[in-house]
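A.B. asks: Chains as they are written, first to last, in the UniProt record's numbering: chain E, 1 to 133; chain U, 1 to 133; chain D, 1 to 133; chain F, 1 to 133.
Every residue gets a Cβ at the ideal spot worked out from N, C-alpha and C, and that includes glycine.
1. Along chain F, in chain order, which residues have C-beta atoms closer than 7 Å to that of residue 115 of chain U?
2. Where does residue 4 of chain E sit, in a helix, a strand or coil, going by DSSP?
3. Hey, could you find the ends of the beta strand (DSSP E) residue 39 of chain U is sitting in?
4. With burial defined as no fewer than 16 other Cβ atoms inside 10 Å of the residue's Cβ, what is the status of residue 47 of chain D: buried or exposed?
5. Would you call the region 114-124 of chain D and the region 60-71 of chain D in contact, with 3 or more CB pairs under 8 Å?
6. Alpha helix (DSSP H) containing residue 130 of chain U: first to last residue?
7. So with Cβ pairs under 9 Å, would you call residue 59 of chain U a contact of chain E?
8. Quick one, which residues of the region 39-51 of chain D are near chain F if we go by CB-CB under 9 Å, in chain order?
9. Of the choices F/59, F/96, F/108 and F/103, whose alpha-carbon is the least far from that of residue 90 of chain F?
10. When we look at the beta-carbon of residue 99 of chain E and count the other beta-carbons within 10 Å, is it buried (16 or more) or exposed?
11. With DSSP run on the structure shown, which of helix, strand or coil describes residue 22 of chain D?
12. Hey, quick one: how far does the alpha helix (DSSP H) through residue 50 of chain D stretch, first residue to last?
13. Suppose the cutoff is 7 Å on Cβ atoms and the five residues either side in sequence are ignored; what does the same chain contact list for residue 85 of chain F look like?
14. Pick from U/18, U/34 and U/30: whose alpha carbon is nearest that of residue 57 of chain E?
15. Taking residue 28 of chain F as the query, report the chain D residues whose CB atoms sit under 8 Å from its CB, ordered along the chain.
16. Using a Cβ-Cβ distance under 9 Å, would residue 137 of chain E count as near chain F?
17. Please state the DSSP three-state secondary structure of residue 70 of chain F.
18. In the DSSP assignment, what residue or residues form a beta bridge with residue 11 of chain F?
19. State the DSSP-derived secondary structure class of residue 91 of chain U, mapped to helix, strand or coil.
20. List the whole-angstrom C-beta distance separating residue 24 of chain D from residue 132 of chain F, where the pair is believed to meet the contact cut-off of C-beta under 8 Å.
21. Which of the three DSSP states, helix, strand or coil, is assigned to residue 98 of chain F?
22. Mind listing which residues of the region 67-79 of chain F have their C-beta closer than 9 Å to chain E's C-betas, in chain order?
23. Given that residue 64 of chain F touches chain E, what residues does it touch there, using C-beta distances under 9 Å?
24. From what residue to what residue does the beta strand (DSSP E) around residue 59 of chain F run?
25. Under the three-state reduction of DSSP, which class applies to residue 134 of chain U: helix, strand or coil?
26. Return no unless some Cβ of chain E is closer than 9 Å to the Cβ of residue 89 of chain U.
27. State the beta-bridge partners of residue 80 of chain D as determined by DSSP.
28. Just tell me which of F/2, F/110 and F/124 has its CA closest to the CA of residue 40 of chain F.
29. When we look at the beta-carbon of residue 101 of chain E and count the other beta-carbons within 10 Å, is it buried (16 or more) or exposed?
30. Is any beta-carbon of chain D found at less than 9 Å from that of residue 33 of chain U?
31. Measuring alpha carbon to alpha carbon, tell me which of U/12, U/63, U/51 and U/103 ends up nearest residue 113 of chain U.
32. Determine the DSSP secondary structure at residue 107 of chain D, reduced to helix, strand or coil.
33. Alpha carbon to alpha carbon, how far is residue 21 of chain F from residue 15 of chain F?
34. Taking only beta-carbon positions, decide if residue 13 of chain U is within less than 9 Å of chain F.
35. By a C-beta neighbour count over all protein chains shown, 10 Å radius and 16 as the cutoff for buried, is residue 82 of chain F buried or exposed?
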């Protein structure tokens, strides 16, 4: 599946004195989006990291259109864009309960071998899942 | 002055289990960079907000080149790029103590009237300071 | 109902380089516990604040027994302890999926009138709900 | 030296929609207080952890008296209380620029051997420093 949606409720701690979600906190929502997208595909990011492959973010672009507010039940749509060799790219859209589009974003991540700290092609079990999308 | 540098020491709470600064936390460093750049120019962001003008981030782009680590004393270089009508743009560079370039970023912010929640041209005392750069 | 349980999955951003949830982040879990306890009682904290009553934390005590880890699905048990005049007290227990007790905590909060910034008795609709527990 | 003071400026991201520092964020200030107290004693927490000893927090008690606000330059006073076998205890006081006492807190930490994940007596070089206080 190319897309996956999940919901997250805005925490009080995520707001700032503008009365909206602090702009830096969206990175957490996108991360949760990716992790749930992977889980839906049958991949546990936790297990992947335990087995020696991590997936750090190398670039992140965010456009803020409307603010998210305390207690909003957000929908985070994670969209798999591409995967080539060591890189994987995602787009993201965040909606509030009225399905207003609040934020769009994209990020690039790289598969890294934790032993060598070098980029690496994803393991076979991941390649198979990604190829089947 | 177009550029301003200030130092920030990486907190334990800012790291994640990769052993590096969590990628979402850089937004805080850039924000601190802007605030100190403004302060250096004679503008208090706190005071500006109290007087009814806020400056939310509308876009943020970050490229992560090398990780920042716990207890690193980072240098955040904030570079004023442009200001046109309601918008202001900044670039950022983050260096570690060895002066390795860790991260580059850019952001666009918009002056907003807190009473109307609408974009607004910056007040005269800010325009004067910005024009003099 | 005196007690209320809800689940929260540990985010990557909540871990630190010890490989466990950063100890300061538990305050967020307790806050979410209180908010969901209130919601279950028919009280929206968001709405309460919009109507002019806020509920700041005046003391917080936490005992950390075992660490919570990335991707753990935690159970936060919020226990209403007492409410007298302006004060309300809660206990908390956090469990992991094996139902190991990870953390116990307690906090005291005070109803505050946002107009006067002074402690205030809770509004009648809240008193009724609390009295019925 | 039993006590150590250092300053930290409140970040925008640390505020919440009450317009004050989110209560959970104080844990970061206390942590920074301990680390600077240790550094002042000639001990690098970073280095200590790299050499295999970590110092997790096992209990934390905080009393919030007055709120800290955005851009406040806080003074964090860290007070060494006791050290016995594997445990070390600190008190903390946080003041604003008017030297109003905002927050008092205490925490207990335990020296842990990272290889065994078991409590351990501090290494000799730390014991010597602590004994000399």
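C.D. replies: The structure says:
1. Going along chain F, no residue has its Cβ under 7 Å from residue 115 of chain U, so there is no contact; the nearest lies around 17 Å.
2. strand
3. First-last for residue 39 of chain U: 26-40, but that is the alpha helix (DSSP H), not the beta strand (DSSP E).
4. exposed
5. no
6. 124-131
7. yes
8. 49
9. F/108
10. exposed
11. coil
12. 45-50
13. 121
14. U/18
15. 24
16. The structure shown does not extend to residue 137 of chain E, since chain E spans only 1 to 133, so no value can be given for it.
17. coil
18. DSSP lists no partner for residue 11 of chain F.
19. strand
20. Wrong, their Cβ atoms sit about 30 Å apart, outside the cutoff.
21. coil
22. 69 and 70
23. Neighbours of residue 64 of chain F on chain E: none; closest Cβ ~15 Å, over 9 Å.
24. 57-64
25. Any question about residue 134 of chain U goes unanswered here, given that chain U covers just 1 to 133.
26. no
27. D/90
28. F/2
29. exposed
30. no
31. U/51
32. strand
33. 4 Å
34. yes
35. exposed
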